[in-house]
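Step one of this worksheet: look at the structure below.
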Amino acid sequence: MIKYSFTCNSLKLKHFAKWLYMLLCFPNHQRFIRLFCEILASYLAIPPERVFLFASGRMGLYTLLKSLALQPDDEVIVPGYTCVVVTNAIKYAGLKIRYIDIQSETLNLDTKLLLESITPKTKVIVVSHNFGIVYEDIPLIKQKFPHIIVVEDAAHALGSRFKNGRKTGTEGDAAFFSFEYSKPITTGLGGALIVNNAQLHPAIEELYNRFGFPPRFATVKVLITLFVQLLTSYRYTVCLRGLMIQGIKLLALLATTSKAEIQGAMPHHYPSRLAPHLALLGFLQMQEIEAISCRKAAIAGVYHKMCQEISGVYDIYNAEYVYVRYPVIFSETADQSRIDEIGFLVKIKTGIALGEWFNDVVHPKGSYRYDYKDYSCKIGEIMAQRIINFPINIHTTIDTQTTRKLISIFNDFLLTG
2 MIKYSFTCNS LKLKHFAKWL YMLLCFPNHQ RFIRLFCEIL ASYLAIPPER
52 VFLFASGRMG LYTLLKSLAL QPDDEVIVPG YTCVVVTNAI KYAGLKIRYI
102 DIQSETLNLD TKLLLESITP KTKVIVVSHN FGIVYEDIPL IKQKFPHIIV
152 VEDAAHALGS RFKNGRKTGT EGDAAFFSFE YSKPITTGLG GALIVNNAQL
202 HPAIEELYNR FGFPPRFATV KVLITLFVQL LTSYRYTVCL RGLMIQGIKL
252 LALLATTSKA EIQGAMPHHY PSRLAPHLAL LGFLQMQEIE AISCRKAAIA
302 GVYHKMCQEI SGVYDIYNAE YVYVRYPVIF SETADQSRID EIGFLVKIKT
352 GIALGEWFND VVHPKGSYRY DYKDYSCKIG EIMAQRIINF PINIHTTIDT
402 QTTRKLISIF NDFLLTG
């Protein structure tokens, strides 16, 4: 029986209770947009006017790219280990894309390869902080190529810190965060664009002011789906998730990324602003973000200690990172078939369904790989085959008994098999 969830990482039932109370007490729901912008800006130590809220994080990236008025043959660089919605945003903007391989030690861009690959056509570089693991070389890129726009993909990394103490999302010319169901905080489907380069602000603001909100029924569907995800994020209810999700799907009330978008089609109402009702849920989580991050750090510490007792795997641990999931990578000597089998055994014996971010250089496997050529990012492809993730969720309790079981399974089953 599944006992652990990868969604609603920071959301609690009490947040929904407060949400309902505030909706009833404050009829001007537009103020919730301002509240969320202000608290997010305060957390990042930036002015609130730098924050633009969207119906998804990738819409923020798309808006930034469109605001730059680039030419069709201009190029955007991304890591060869990313999500399809990121590459699709570049496709929708009508720009070329180039994939640069990652480092196995960080799961982020290989800076040496990146710097060697920049051409006169390179106008934008998207650097990811995958899993909350910080990419530290933004200042080096800006020093060597000050004319290139560096965008932080901070979808996984709300709260992680650079070595200089600043939070992710504040080093690049711009950054985008995701508030999707499985991200560090969630508004169901939502995101934010952070604009740190003042020269970019006027064009982005002009575009943003043209956008409307998603249809009301779309927001209702997101709220229903999010509430079901939350109800089934607790240890003794997560086993009901499949049944409840199927129920709202049959009622046409399930809100998720469409199959058409995963295959490269541009969705309706793209881009849109974040609805005020959803922004309020983000605000309520941000009120407790420090305590939430401490809770997640404790869980990551448990996984790190566990990995030190398992032969043939490695992790990427730093106490300054706030992980969205905890990645564990198998060594090259591990049999791929055994990696696939171990997930089933872990689920049966511990109730943990192992995550598979990212299972392709353009996740998820089988999605539209915008101009990606096989074998061009060999490390990214290898990592996609050898990585698993553990949940980092405030509803998660990883006790000593569970970690001992996991250590035993990994050492006895995988490495001796």
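Each number in the working numbering comes from the position in the sequence shown (counting from 1) with 1 added on.
In this text, a Cβ means the ideal position worked out from N, Cα and C, and glycines have one as well.
Judged by their CB atoms, Cys9 and Thr258 are not nearer to each other than the 8 Å cut-off. Leaving aside the five residues that flank Ala335 on each side, the residues in its chain whose CB is nearer than 6 Å to its CB run, in chain order, Gly313. In this chain, the alpha helix (DSSP H) harbouring Glu262 covers 260-263. In its chain, beyond the 5 residues on either side, Gly81, Tyr100, Asp102 have a beta carbon closer than 8 Å to the beta carbon of Ser377.
Note that the C-beta distance between Ser183 and Phe7 is below 8 Å.
Per the DSSP secondary-structure output, Ala253 pairs with nothing in a beta bridge. When DSSP assignments are scanned along the stretch 166-190, the uninterrupted stretches of beta strand (DSSP E) that are 3 or more residues long and fall wholly within it turn out to be 175-179. At a Cβ-Cβ threshold of 8 Å, Leu41 and Gly189 do not count as neighbours.
Judged by DSSP secondary structure, Ile98 falls outside any alpha helix (DSSP H) and instead within the beta strand (DSSP E) spanning 97-101. DSSP places Lys124 within a strand segment (E or B) once states are collapsed to three. Rounded to whole angstroms, the separation of the alpha carbons of Val127 and Glu262 is 20 Å. In the three-state reduction of the DSSP assignment, Cys378 falls in the coil class, being assigned neither a helical nor a strand state.
Beta-bridge analysis with DSSP links Leu54 to Ala193. Between the stretch 21-33 and the stretch 273-287, the count of C-beta pairs closer than 8 Å reaches three or more; the two stretches touch. Under the three-pair Cβ rule at 8 Å, the stretch 290-306 does not count as touching the stretch 349-367.
Leaving aside the five residues that flank Ala46 on each side, none in its chain has a CB nearer than 6 Å to its CB. Secondary structure remark: continuous beta strand (DSSP E) runs of at least 3 residues inside the stretch 242-327, in chain order: 314-316.
The distance from the Cβ of Phe178 to that of Ala193 is about 5 Å, consistent with a contact at the 8 Å cut-off.
In this structure, Ile249 sits near Leu255, with a CB-CB distance shorter than 8 Å. Closest option to Ile290, judged by alpha-carbon separation, among Leu36, Ile389, Tyr44: Tyr44. In the three-state reduction of the DSSP assignment, Phe331 falls in the strand class, which pools E and B.
Asn390 is bridged by DSSP to Pro328, Gly356.
Rounded to whole angstroms, the Cβ separation of Glu39 and Pro49 is 5 Å, and the two are in contact under 8 Å.
Using a Cβ distance threshold of 8 Å, Asn131 and His157 count as a contacting pair. For Ile340, the uninterrupted alpha helix (DSSP H) segment begins and ends at 337-351. In the DSSP assignment, Leu110 is bridged to Ile103. Counted as a single uninterrupted DSSP element, the stretch harbouring Glu206 is not any beta strand (DSSP E) but the alpha helix (DSSP H) occupying residues 202-209.
In chain order, Glu172 place their CB closer than 8 Å to the CB of Pro140, counting only its own chain and leaving out the 5 sequence neighbours on each side.
Taking Ser11 as reference, the option from Ile395, Ile330, Ser338, Tyr136 with the minimal CA-CA separation is Ile395. Its chain contains Leu190, Gly192 as the residues whose beta carbon lies nearer than 6 Å to that of Ser57, once the 5 sequence neighbours on both sides are disregarded; these appear in chain order.
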